[in-house]
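Colleague: Quick one: structure below, then a few questions.
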Amino acid sequence: LSGWDKFQGSCYRHFSKRQSWEAAEQHCRLCGGHLLSVMTPEDIHCALLSLDKYREYQWVGLNDRTIEGDFRWSDGNPLLYENWFRGQPDSYFLSGEDCAVMVWHDGGRWSDVPCNYHLSYTCKKGVCEFLFEGLLSLSPKMPQILRIEVR
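When we follow this note's numbering, the leftmost residue of the sequence shown carries the number 16, and every step to the right adds one.
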């Protein structure tokens with residue numbers, strides 16, 4: 016898939032267009048994925064490599080929009096790894112800080128912010144299609160599509 020990067024069985028694509036958390040998540044769903052979920056420190060490393068290119072804050076799928084203080088990933092993954100900035104999450108604003116942002120210049124640490132901020136974002140999906148020019152086909156002139164499913 017053009018524009019998608021593969022890392023440890025998932026595919027990632029950064030979008031520089033600034034959107035609210037909800038609009039960004041909706042766009043990721045239209046692309047067949049969700050906002051970035053971070054399951055391991057390696058995921059942070061991958062995200063930082065991508066972020067270093069853009070040098071900006073970005074949305075991740077973590078939010079506590081349903082139950083205050085109960086942060087969950089938008090893709091349904093459990094919160095197994097946490098990388099909060101010291102003192103976060105803090106729900107600083109009275110209007111609520113229900114969505115998480117990743118701060119590229121601070122080791123990819125997270126902070127909770129209002130969901131109506133307009134930020135860039137990265138989508139993540141677990142099923143990728145890759146085009147191999149002639150590697151899997153009988154004729155080198157016929158491209159073959161290999162579908163990889165990650166469960």
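Beta carbons are placed, not taken as given, at the ideal position from N, Cα and C, and that holds for glycine.
So, are the CB atoms of residue 105 and residue 121 less than 8 angstroms apart?
Modeller: As a working note, residue 105 is residue 90 in the sequence shown. As a working note, residue 121 is residue 106 in the sequence shown. No, the Cβ-Cβ distance between residue 105 and residue 121 is not below 8 angstroms.
Colleague: Within its chain, find whatever has a CB closer than 7 angstroms to the CB of residue 98; leave out the 5 residues flanking it on each side and keep chain order.
Modeller: Translated into positions along the sequence shown, residue 98 becomes position 83. For residue 98, where only same-chain residues beyond five positions count, the Cβ hits under 7 angstroms are 53, 59, 123, 124, 125.
Colleague: Just how far apart, CA to CA, sit residue 102 and residue 116?
Modeller: The sequence position of residue 102 within the sequence shown is 87, counting from 1. The sequence position of residue 116 within the sequence shown is 101, counting from 1. Each residue's alpha carbon lies about 14 angstroms from the other.
Colleague: Is it the case that the Cβ atoms of residue 130 and residue 80 are separated by a distance below 8 angstroms?
Modeller: Position 115 of the sequence shown, counted from the first residue, corresponds to residue 130. Position 65 of the sequence shown, counted from the first residue, corresponds to residue 80. Yes; because the gap between Cβ atoms is below 8 angstroms, this pair is in contact.
Colleague: Would residue 25 pass as a contact of residue 132 if the rule is Cβ separation under 8 angstroms?
Modeller: Counted from its first residue, the sequence shown places residue 25 at position 10. Counted from its first residue, the sequence shown places residue 132 at position 117. Not a contact, by the Cβ cut-off of 8 angstroms.
Colleague: Apply the 10 Å Cβ neighbour rule to residue 137 and answer buried if 16 or more other Cβ atoms are within range, or exposed otherwise.
Modeller: Position 122 of the sequence shown holds residue 137. By the neighbour-count rule (16 or more Cβ atoms within 10 Å), residue 137 is buried.
Colleague: Skipping 5 residues on each side, what residues in its chain have a beta carbon closer than 6 angstroms to that of residue 46?
Modeller: Numbered from 1 along the sequence shown, position 31 holds the residue referred to as residue 46. Excluding sequence neighbours, residue 46 sits near 138.
Colleague: From this set, 76, 55, 111, which residue's C-alpha is nearest residue 95's C-alpha?
Modeller: Indexing the sequence shown from 1 puts residue 95 at position 80. Comparing Cα positions, the closest option is 55.
Colleague: Taking only the alpha-carbon atoms, compute the straight-line gap between residue 149 and residue 84 and give it to the nearest angstrom.
Modeller: Translated into the one-based positions of the sequence shown, residue 149 becomes position 134. Translated into the one-based positions of the sequence shown, residue 84 becomes position 69. Low confidence applies to residue 149: its pLDDT is 35, below 50, so where it sits in the model is not reliable, and the reading given next is rough at best. Straight-line Cα distance between these residues: approximately 51 angstroms.
Colleague: Report buried or exposed for residue 57, applying the criterion of at least 16 other Cβ atoms within 10 angstroms of its Cβ.
Modeller: The residue labelled residue 57 in the question sits at position 42 within the sequence shown. Answer is exposed; the Cβ neighbour count stays below 16.
Colleague: Please list the terminal residues of the continuous beta strand (DSSP E) segment that includes residue 124.
Modeller: Walking along the sequence shown from the start, residue 124 turns up at place 109. Its beta strand (DSSP E) spans residues 124-128.
Colleague: Short check: CB of residue 40 to CB of residue 76, under 8 angstroms?
Modeller: The residue given as residue 40 occupies position 25 in the sequence shown. The residue given as residue 76 occupies position 61 in the sequence shown. Yes, the pair counts as a contact, with Cβ atoms nearer than the cut-off.
Colleague: Assign residue 73 to one of two classes, buried (16 or more other C-beta atoms within 10 Å of its C-beta) or exposed (fewer than that).
Modeller: The residue given as residue 73 occupies position 58 in the sequence shown. With 16 or more other Cβ atoms within 10 Å, it is buried.
Colleague: Report the option in 51, 71, 140 whose CA atom is closest to the CA atom of residue 114.
Modeller: Here residue 114 is taken as the residue at index 99 of the sequence shown, counted from 1. Minimum Cα distance to residue 114 is reached at 51.
Colleague: So, with DSSP's three-state summary, where would you put residue 58?
Modeller: As a first step, residue 58 must be located in the sequence shown, where it is residue number 43. Looking at residue 58 - three-state DSSP - the assignment turns out to be helix.
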